[in-house]
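These notes concern the structure reproduced below.
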Ligand SMILES: Cc1ncc(COP(=O)(O)O)c(C=O)c1O
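Written out as structure tokens, the structure is:
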């Protein structure tokens, strides 16, 4: 073999995700894993039964339709109407994907040309950098800075160039927990309209908002025809392994994203699509209880972290609480997270890996609170040893 690297240069540096490294450390040390964002309790029993029934009754065991089963597309459209007042045609404006992850990949691969610039908030959800790179596009970070983690809208305006094609927004935002306000969304929308930009909105935490409310940018004037909204069942129904996600957008945008999607996975998990269609129709009480439970967990962990000496940035939404380790006499989040399992049997994620501007994220560490109360209490007790 010649000396040419096997991995193509667009993916250079994107080798192993921090989650793989930290989850392996958690297993090796028997630590409590507050790294990756998945619940340690499954979602509703009746929805799991719906999936099992679909398998046994032969629903979705063979390739489902490429855009997703009609029942799920209809349920997604109803859900957008019920919670956000947005009307989408299930036949032309909804696309089912293999989780939000595939929706993000398909949207970016479909909508970007090599050299296009994509403005995204950093810290980034890790697949954004990889998908922008696979599309041959250029990521342009808008840094969310502690302590407020609010986007600086003047800075956003200044980042827009003639090469800017797309704004990739994520609200509620992983890992900072920032939920964009109606004013921030209106300002972002106005810039998108003024500069004729596309918007991809990752809204997977739409139901996990503790302060304020989730507002989809697609609802704002001039935005429906330029926005690809993305969500998924993983976080809302506590079945992150099912990987059922969806896109809602205008017919032209859905057709573009579908073109890329059909050559990525073609279709995703048939029987789970039937179950998620039922889940989306659960009564309001389900969504209210999910939020109330996670709010209690957030407070449980945030109080424990504060008592252990961390500076805690209370998240407005998501599964995650970001902390600063400086008050503990620590500076480097990556080193800290690598040593934390041995020091006290807890695994966390260093936010620095989600930043291009590594100074902005150096001392920040993220903990997931989507875990059983007793697990969070034990983690808090262990962290007191620091
Ligand atoms: C911001 C964000 N987007 C997308 C995803 C992926 O969603 P899915 O599991 O549906 O692919 C996650 C999962 O952690 C996330 O945090």
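Numbering (my numbering), first residue to last: -18 to 367.
Glycine included, each C-beta is placed from N, C-alpha and C at the ideal position.
- A direct Cα-to-Cα measurement between residue -14 and residue 120 gives close to 23 Å.
- Here the distance from the Cβ of residue 336 to the nearest heavy atom of ligand 1 is not below 8 Å.
- In terms of Cβ geometry, residue 67 and residue 199 form a close pair [threshold 9 Å].
- Look at residue 135 here: in three-state DSSP terms it is helix.
- When 6, -2, 214, 137 are compared, the shortest CA-CA separation from residue 29 is found for 214.
- Contact check between the region 14 to 34 and the region 224 to 231: fewer than three CB pairs, one atom from each, fall below 8 Å, which does not count as touching.
- The beta carbons of residue 137 and residue 123 sit about 5 Å from each other, so the pair counts as a contact at 8 Å.
- Contact fails between the region 79 to 97 and the region 286 to 302, because fewer than three Cβ pairs, one in each stretch, are under 8 Å apart.
- Relative to the non-hydrogen atoms of ligand 1, the Cβ of residue 226 comes within a distance shorter than 8 Å of at least one.
- Beta-bridge annotation (DSSP): residue 183 is paired with 151, 211.
- Its chain contains 132, 134, 137, 148, 150, 161, 180, 198 as the residues whose beta carbon lies nearer than 8 Å to that of residue 169, once the 5 sequence neighbours on both sides are disregarded; these appear in chain order.
- Counted as a single uninterrupted DSSP element, the stretch harbouring residue 292 is not any alpha helix (DSSP H) but the beta strand (DSSP E) occupying residues 292 to 294.
- Distance from the CA of residue 332 to the CA of residue 316, rounded to the nearest whole angstrom, comes to 12 Å.
- Closest by C-alpha distance to residue 156, out of 349, 142, 99, -16, is 349.
- Selection 259, 328, 346, 326 evaluated against residue 334 yields 346 as nearest (Cα-Cα).
- In the same chain as residue 61, and ignoring 5 residues on each side of it, the C-beta atoms closer than 7 Å to its own belong to 67, 69, 229, in chain order.
- The secondary-structure analysis by DSSP pairs residue 331 across a beta bridge with 346.
- In the structure shown, residue 314 falls within a helical segment according to DSSP collapsed to helix, strand and coil.
- Annotation for residue 120: the continuous beta strand (DSSP E) segment containing it runs 119 to 124.
- Per DSSP, residue 83 is one residue of the alpha helix (DSSP H) stretching across 80 to 92.
- The alpha-carbon of residue -7 is positioned some 14 Å away from that of residue 116.
- Residue 282 sits close to residue 357, with the two beta carbons spaced by under 9 Å.
- In the DSSP assignment, residue 99 is bridged to 120, 147.
- Taking 8 Å as the cut-off, the C-beta of residue 314 does not count as close to any heavy atom of ligand 1.
- If you check the CB distance, residue 74 and residue 231 come in under 9 Å.
- Per the C-alpha coordinates, the member of 184, 111, 293, 207 positioned closest to residue 234 is 207.
- In this structure, the alpha-carbon of residue 111 lies about 10 Å from that of residue 89.
- Of the residues 247, 219, 144, 105, the one whose Cα lies closest to the Cα of residue 94 is 144.
- Within the same chain, Cβ atoms closer than 8 Å to the Cβ of residue 58 are found at 68, 69, 70, 71, 74, 75, 229, the five residues on either side in sequence being excluded.
- Relative to residue 364, the option among 308, 290, 313 whose CA is nearest is 290.
- The Cβ neighbour count for residue 106, taken over all protein chains shown within 10 Å, is at least 16; the residue is labelled buried.
- In this structure the region 43 to 55 does not touch the region 270 to 289; the number of beta carbon pairs closer than 8 Å is below three.
- For residue -3, the number of other beta carbons within 10 angstroms of its own is below 16, and it is reported as exposed.
- Relative to the Cα of residue 14, the nearest Cα in the group 353, 163, 118 belongs to 353.
- Per DSSP, the continuous alpha helix (DSSP H) segment holding residue 57 begins and ends at 51 to 65.
- Its Cα nearest to that of residue 205, the residue 173 stands out among 173, 12, 293, 355.
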